[in-house]
Amino acid sequence: MRRYDDPVEVLRAPVPDGAGAPEAPAQFLWQGRLWKVRSVVAHWVETAPWWRSPSVRAVVDAEKGPQVHQEVPTQRSWEELHGELVAERELWRVVAGRPGDPQQGMSSGVFDLALDRAEGCWQLVGCQD
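Residue numbers for the sequence shown follow the UniProt record's numbering, beginning at 1 and rising by one.
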């Protein structure tokens with residue numbers, strides 16, 4: 001599966017026979033192309049990539065290794081750091097294809113879509129076609 005970090009626009013719809021389940025992606029717009037979700041393969045929640053957070057990057061320099069943080073964090077900064085480290089994102093693995101394509105098998109793939117719950121934005125994080 002190829003990895004991506006691309007923003008996407010997602011339209012959600014109720015999951016058939018999914019009493020109490022969250023709404024699943026029904027279609028998404030990626031790189032100017034509309035993809036229609038044919039089936040949901042999996043759905044899970046995971047901790048967001050905390051290692052990419054601005055607070056962690058401020059402490060760890062990729063070239064120099066771990067650095068000692070000289071400032072004593074305030075209570076507010078500890079709360080912000082905690083929020084970044086425990087943030088969750090909702091992931092959906094879906095089979096999707098281009099609508100109206102007569103050769104649906106040729107234009108379909110498996111996509112991993114992630115919803116950042118705190119920000120309310122979607123990203124395509126993986127694709128296998």
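Just so it is clear, CB atoms sit at the ideal spot from N, CA and C, and this is done for glycine as well.
When DSSP reads this structure, D6 sits in a beta bridge with L124.
When rounded, the separation of the alpha-carbon atoms in D6 and W30 is 8 Å.
Boundaries of the beta strand (DSSP E) around Q27: 24-30.
A118 sits exposed, since fewer than 16 C-beta atoms from the chains shown fall within 10 Å of its C-beta. For E46, the uninterrupted beta strand (DSSP E) segment begins and ends at 33-47.
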